[in-house]
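Working notes for the structure below.
2 protein chains.
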Amino acid sequence: MSKQKKFLLTEKDIPEQWYNIQADMPNPMLPPLHPGTKQPLGPDDLAPLFPMELIKQEVSTERWIDIPDEVRDAYKMWRCTPLFRATNLEKMLDTPAKIYYKYEGLSPSGSHKPNTSIPQVYYNMKEGVTKLTTETGAGQWGSALAFATQYFGLKCEVFMVKISYNQKPYRKLLMNLWGADVYASPTDITEAGRGILKLNPDTPGSLGIAISEAVERAVMDEHTKYSLGSVLNHVLMHQTVIGLEAIKQLEMAGDFPDIVVAPFGGGSNFAGTAFPFLRYNLQEGKKVRCIAAEPASCPKLTKGQFRYDFGDSVGMTPLLPMFTLGHNFVPAPIHAGGLRYHGAGAIVSQLLKDKLIEAQAIQQLECFDAGVKFARAEGIVPAPEATHGLAVVFREALKAKEEGTSKTILFNLCGHGHFDMTAYQDYFAGKLHDHHLTDEQLNYGLKELDKSIPIT
Amino acid sequence: MSKQKKFLLTEKDIPEQWYNIQADMPNPMLPPLHPGTKQPLGPDDLAPLFPMELIKQEVSTERWIDIPDEVRDAYKMWRCTPLFRATNLEKMLDTPAKIYYKYEGLSPSGSHKPNTSIPQVYYNMKEGVTKLTTETGAGQWGSALAFATQYFGLKCEVFMVKISYNQKPYRKLLMNLWGADVYASPTDITEAGRGILKLNPDTPGSLGIAISEAVERAVMDEHTKYSLGSVLNHVLMHQTVIGLEAIKQLEMAGDFPDIVVAPFGGGSNFAGTAFPFLRYNLQEGKKVRCIAAEPASCPKLTKGQFRYDFGDSVGMTPLLPMFTLGHNFVPAPIHAGGLRYHGAGAIVSQLLKDKLIEAQAIQQLECFDAGVKFARAEGIVPAPEATHGLAVVFREALKAKEEGTSKTILFNLCGHGHFDMTAYQDYFAGKLHDHHLTDEQLNYGLKELDKSIPIT
């Protein structure tokens, strides 16, 4: 028998606390601003959208936040998730690098997203909320929220970006199976949607537009609130169960990573994987390289500006300090729908500005090439979003080979691609291509940014 | 925190031997007969189709057969699989029964099938075979073989039953991803296929027809052999890793089942789950009820005859002693494509004849109702095949409630339904219905059986 492949934890090892990196950041993130007054937000400003417990978590600087028993109990359905040594892939790439991947695709909806949908719905339920609205790209987040609302007995309304709604019919069916109402966004049931459709009836939609619609529906009804699957601090924090488990599992393997890689949409997967390792850099002076992998067609980290911007397209949300392509940026309809977001979460943006993390932008074809090779070597078909991280792993593993150094790489395989098989079909049929953004395209959203808002 | 939900084994616990029930059967199975001479088959008769090591396993009466290291090494990609206590489902059904499920959907192709595709391809590779042909219904078996041939570097050709080819495009894509050529059966590239198409150009196809085509292609070339995903003794035996692991896991839970349930197509899932428990009945006088769950539209166990019959539609295979609906029986195009087979494996048939196991036939709507409830309670979307077993679990759990007795039920959830979401869509849209077979339909295939072949 060859090397050990799987490192398993039992449900007793499910973390009892989330890690809040706000306690350890050398420069704290800038405060979100009220979109009208442009003054820092207070908790009350967020109350129409979120339950108070999540608002508290959003601004907390406590290092550790307790995970409620009911949430840990729900986590038991799929956590702890396995850590794999990618022995077959290492052999295929003929690399001296040791490659580990944490696999989050075993959750009910098939990605890391239920790590936060479960606590979000739980806290909403405890505060008497009966319905949640949200947006979704490829459907990973929408299906995770549909599952969680079903689990705790709440209603759910999902605005799914139109291009993904059409590309990924199976994920819509999954949301329906769990009782959610799903709309192709932009819709004509919101003012925001009607406005966009009037300007551009053929728009493929975007996460920013879908957020506008979901937020509008939430503020209309006092027992309805809004739920976001990434970007915000509390969402990123809920995902830290991934990295916290991975630390234990790498200990079992007698290893510690030189490089941690995760795909990047709004930041939740990246943060959940990397922040618990970043803590070692911040507290103990370790030098783990944490690399966010973003699509070249939506390169906010590598080509965006660090400015205050809206989270949605219409401009209904608070202004957040983030690396952004501008809230009007509509990315190309790539298959990695979950990464088609114009901005990065505020914490991650601050860390990038402070050069505490890295970012790489990858073209679609390089991603799918890595995804196919991974599926052949390791037997798991990765979601298109996940292939972005894989492409960076391939780059780093081949670099290690060229340099003749043995690096230890940890990668978070955030979800399976079972509902994305048409993407692979298109890839094999030669229908996919890379997207090279012109300066004009890049500036389209950026020129709209309100330069009057100070940022340092 | 509530009850323990998951019982995990490490890869060190992957069984080192398969369990061969032929060592313990009170009445051995009758021998397969040569289709021409109607005399018992010798190993040489099977040599054009199978490698010698599998032929040896087919007739072996050794109780334990060693699993090669290379096979155990490949098993590590997904084994050991978890055993779950269905705590949420128990609560939903308000039953005193304890329900456990072994989950085989975590394998590369999403079902229990790689448990045998991996060793089958391994033994073929060792004997110099370079290509395998096979049939598949819903695609669970075809994708499992595609994965295994990819893993060991062989070519693969899959004849996929036409109705499933059209219903399940994503599973076809999965086979393509792993390098297999996939045809909608019946095709015009085989004599068998052309003959069927001439008689009935609009046939939805059947597993029996697809087997004829795959066998025909295999015997044409000396480096090509044929691989079967169920029915045969060696296939059933490879699946016993399921039950062997489950015994250890139930020990961890401090439990032992009163009832073991698995869906039934040709018998491999049922055998793999039940035989290791049946051993306790045969050797130690325990009384575990082992229940095979078959579709009411293809009820060979509950309404078939125990006779010698062909494994395929055209009559190219050896004659096997089995419960059968006749090799010409074409079942209704239900979504559980993997269960649309006219006959039961010879060992399972002998055990049923000897009343050592039970069978229940279930209608499609009852199955999907159970599948949806399970997906809502436990967070896993079951394959349509798997919902047949679930329906029996629901029946037994509710009976336990009526009787006020606490039964321990073990169920094998043989695969996820991620590639079967259109089945759920059809179910929710009210497009599915039950299939009540007329006597004429039941007798259509049976009347073709050669009554001259003696059977006791």
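Taken in sequence, the protein lines are chains L and C.
FYI, my numbering numbers position 200 of the first sequence as 1109, with every residue one higher than the one before it.
FYI, my numbering numbers position 353 of the second sequence as 1262, with every residue one higher than the one before it.
Glycine included, C-beta positions come from ideal geometry on N, C-alpha and C.
Quick caveat: nothing in here was measured; it's all calculated off a predicted structure.
Exercise. In terms of residue numbering, what span does the alpha helix (DSSP H) encompassing alanine 1006 of chain L cover?
Worked result: Sequence index remark: in the first sequence, residue 1006 of chain L carries index 97 (1-based). Premise fails: alanine 1006 of chain L is in no alpha helix (DSSP H) and is neither H nor E.
For this session: Please report how far the alpha carbon of asparagine 1085 of chain L lies from the alpha carbon of methionine 1001 of chain C, in whole angstroms.
Result: Translated into positions along the first sequence, residue 1085 of chain L becomes position 176. Translated into positions along the second sequence, residue 1001 of chain C becomes position 92. Each residue's Cα considered, the two are about 20 Å apart.
For this session: Could you check the C-alpha separation between alanine 1332 of chain L and alanine 1309 of chain C for me, to the nearest Å?
Result: Here residue 1332 of chain L refers to the residue found at position 423 when the first sequence is read from its first residue. Here residue 1309 of chain C refers to the residue found at position 400 when the second sequence is read from its first residue. When rounded, the distance between both Cα atoms is 46 Å.
Exercise. Do threonine 1226 of chain C and isoleucine 1120 of chain C have their C-beta atoms within less than 8 Å of each other?
Worked result: Indexing the second sequence from 1 puts residue 1226 of chain C at position 317. Indexing the second sequence from 1 puts residue 1120 of chain C at position 211. Result yes, Cβ atoms of threonine 1226 of chain C and isoleucine 1120 of chain C sit closer than 8 Å.
For this session: Return the residues of the segment 1257 to 1287 of chain C that lie within a Cβ-Cβ distance of less than 8 Å from chain L, sorted by chain order.
Result: Val1281, Ala1284, Arg1285, Glu1287
Exercise. Candidates C/Gly1354, C/Val1030, C/Ala1053, C/Leu998: which alpha carbon is nearest alanine 1386 of chain C's?
Worked result: Look at the range of chain C in this structure, 910 to 1365, and you will see that residue 1386 of chain C is not part of it.
For this session: Using the Cα positions of isoleucine 1243 of chain L and phenylalanine 1232 of chain L, report the straight-line distance between them to the nearest angstrom.
Result: Position 334 of the first sequence holds residue 1243 of chain L. Position 323 of the first sequence holds residue 1232 of chain L. Taking the straight line joining both Cα atoms gives about 21 Å.
Exercise. Should glutamate 1036 of chain C be labelled buried (16 or more other beta-carbon atoms within 10 Å of its own) or exposed?
Worked result: Reading the second sequence from its first residue, position 127 is the one you call residue 1036 of chain C. Exposed.
Problem set entry | Span of the alpha helix (DSSP H) around arginine 1304 of chain C | Within the second sequence, numbered from 1, the residue matching residue 1304 of chain C stands at position 395. Here the alpha helix (DSSP H) through arginine 1304 of chain C covers 1293 to 1312.
For this session: Measure the beta-carbon distance from isoleucine 1200 of chain L to isoleucine 1008 of chain L and round it to whole angstroms, keeping in mind my assumption that it falls under 8 Å.
Result: Along the first sequence, read from residue 1 onward, the residue named residue 1200 of chain L stands at position 291. Along the first sequence, read from residue 1 onward, the residue named residue 1008 of chain L stands at position 99. With 8 Å as the limit, isoleucine 1200 of chain L and isoleucine 1008 of chain L do not qualify as a contact, their Cβ atoms being about 14 Å apart.
Exercise. What is the DSSP secondary structure of methionine 934 of chain C, counted as helix, strand or coil?
Worked result: Here the question's residue 934 of chain C lines up with position 25 in the second sequence. Coil, per DSSP.
Exercise. Hey, does tryptophan 1087 of chain L have any beta-carbon neighbour from chain C nearer than 8 Å?
Worked result: The count along the first sequence starts at 1 and reaches residue 1087 of chain L at position 178. Taking Cβ atoms only, chain C reaches closer than 8 Å to tryptophan 1087 of chain L, which makes this a yes.
Exercise. Short check: CB of isoleucine 892 of chain L to CB of alanine 1180 of chain L, under 8 Å?
Worked result: With chain L covering only 910 through 1365, there is no way to say anything about residue 892 of chain L.
For this session: Measure the C-alpha to C-alpha separation of aspartate 1263 of chain C and methionine 938 of chain C and round it to an integer number of angstroms.
Result: Position 354 of the second sequence, counted from the start, is the residue given in the question as residue 1263 of chain C. Position 29 of the second sequence, counted from the start, is the residue given in the question as residue 938 of chain C. Rounded to the nearest angstrom, the gap between the Cα atoms of aspartate 1263 of chain C and methionine 938 of chain C is 11 Å.
Exercise. Grouping DSSP H, G and I as helix and E and B as strand, with all else coil, what is methionine 986 of chain L?
Worked result: As a position in the first sequence, residue 986 of chain L is number 77, starting the count at 1. Coil, per DSSP.
Exercise. Using the beta-carbon count (16 or more within 10 Å), is arginine 1285 of chain C buried or exposed?
Worked result: In the second sequence, counting from the first residue as 1, residue 1285 of chain C sits at position 376. Buried, by the Cβ-count rule.
For this session: Can you give me the start and stop residues for the alpha helix (DSSP H) that methionine 1225 of chain L sits inside?
Result: By one-based count along the first sequence, residue 1225 of chain L stands at place 316. Looking at the DSSP string, methionine 1225 of chain L is not in any alpha helix (DSSP H), and its letter there is neither H nor E.
Exercise. In this structure, what does DSSP give as the bridge partners for methionine 1069 of chain C?
Worked result: Translated into positions along the second sequence, residue 1069 of chain C becomes position 160. Methionine 1069 of chain C is bridged by DSSP to C/Thr1045, C/Ala1093.
For this session: Determine, using beta carbons only, whether methionine 910 of chain C comes closer than 8 Å to chain L.
Result: Within the second sequence, residue 910 of chain C is the residue found at index 1, counting from 1. At methionine 910 of chain C, the pLDDT of 49 sits below 50, so the modelled position is not reliable and the matter cannot be decided from this model.
For this session: Might you give, ordered along the chain, the residues of its own chain that have their beta carbon closer than 6 Å to the beta carbon of arginine 1080 of chain L, omitting 5 neighbours on each side?
Result: The count along the first sequence starts at 1 and reaches residue 1080 of chain L at position 171. Answer for arginine 1080 of chain L: Gly1048, Ser1052, Phe1328, listed in chain order.
For this session: Check whether the Cβ of histidine 1327 of chain L lies closer than 8 Å to any Cβ atom in chain C.
Result: The count along the first sequence starts at 1 and reaches residue 1327 of chain L at position 418. Interface residue, yes.
Problem set entry | Where the segment 1030 to 1062 of chain C meets chain L: residues whose CB sits under 8 Å from a CB there | Phe1056, Gln1059, Tyr1060
For this session: Check the C-beta distance from serine 1016 of chain L over to valine 1070 of chain L and give it rounded, since I have them as a contact under 8 Å.
Result: Indexing the first sequence from 1 puts residue 1016 of chain L at position 107. Indexing the first sequence from 1 puts residue 1070 of chain L at position 161. Not a contact, Cβ separation roughly 21 Å.
For this session: At 7 Å on the CB atoms, spell out the chain C contacts of phenylalanine 1337 of chain L, in chain order.
Result: Walking along the first sequence from the start, residue 1337 of chain L turns up at place 428. Those are Asn1085, listed as they occur along chain C.
Exercise. So does the segment 1154 to 1169 of chain C actually touch the segment 1038 to 1045 of chain C, counting three or more Cβ pairs closer than 8 Å?
Worked result: no
Exercise. Can you give the Cα-Cα distance for serine 1273 of chain L and proline 1204 of chain L, rounded to whole angstroms?
Worked result: Stepping through the first sequence from its first residue, residue 1273 of chain L is reached at position 364. Stepping through the first sequence from its first residue, residue 1204 of chain L is reached at position 295. Correcting the residue identity first, residue 1273 of chain L is glutamine in this sequence and not serine. Computed Cα separation, rounded: 7 Å.
For this session: Per DSSP, which residues does glutamate 1267 of chain C bridge with? Please list them.
Result: Along the second sequence, read from residue 1 onward, the residue named residue 1267 of chain C stands at position 358. C/Ile1200.
Problem set entry | chain C residues whose Cβ lies nearer than 8 Å to that of threonine 919 of chain L | For the purposes of this step, residue 919 of chain L is taken as residue 10 along the first sequence, with counting starting at 1. Chain C residues near threonine 919 of chain L: Lys915, Leu917.
Exercise. DSSP state of asparagine 1085 of chain C, grouped into three classes?
Worked result: Position 176 of the second sequence, counted from the start, is the residue given in the question as residue 1085 of chain C. Reduced to three states, the DSSP call for asparagine 1085 of chain C is helix.
Exercise. Under a CB-based cut-off of 8 Å, is glutamine 1334 of chain C close to chain L?
Worked result: Along the second sequence, read from residue 1 onward, the residue named residue 1334 of chain C stands at position 425. Closer than 8 Å: yes.
For this session: Round the Cβ separation of arginine 994 of chain L and alanine 1101 of chain L to the nearest angstrom and send it over; I've been treating them as touching at under 8 Å.
Result: One-based indexing of the first sequence puts residue 994 of chain L at position 85. One-based indexing of the first sequence puts residue 1101 of chain L at position 192. With 8 Å as the limit, arginine 994 of chain L and alanine 1101 of chain L do not qualify as a contact, their Cβ atoms being about 47 Å apart.
Problem set entry | Backbone CA spacing between glutamine 1029 of chain C and serine 1139 of chain C [nearest angstrom] | Locating residue 1029 of chain C in the second sequence gives position 120, counting from the first residue. Locating residue 1139 of chain C in the second sequence gives position 230, counting from the first residue. So the two alpha carbons sit approximately 12 Å from each other.
Problem set entry | Rounded separation between tyrosine 928 of chain L and leucine 918 of chain L - CA only | In the first sequence, counting from the first residue as 1, residue 928 of chain L sits at position 19. In the first sequence, counting from the first residue as 1, residue 918 of chain L sits at position 9. Distance between the alpha carbons of tyrosine 928 of chain L and leucine 918 of chain L: 19 Å.
Exercise. Helix, strand or coil for proline 952 of chain L per DSSP?
Worked result: Taking the first sequence and counting its residues from 1, one reaches residue 952 of chain L at position 43. Helix at proline 952 of chain L.
Exercise. With isoleucine 930 of chain L and isoleucine 1256 of chain L assumed to form a contact (beta carbons below 8 Å), what rounded beta-carbon distance in angstroms separates them?
Worked result: Within the first sequence, numbered from 1, the residue matching residue 930 of chain L stands at position 21. Within the first sequence, numbered from 1, the residue matching residue 1256 of chain L stands at position 347. Confirmed, Cβ separation roughly 6 Å.
Exercise. Under 9 Å Cβ-Cβ, which residues of chain L neighbour leucine 1153 of chain C?
Worked result: Here the question's residue 1153 of chain C lines up with position 244 in the second sequence. Here the premise fails: no neighbours, minimum Cβ distance about 17 Å.
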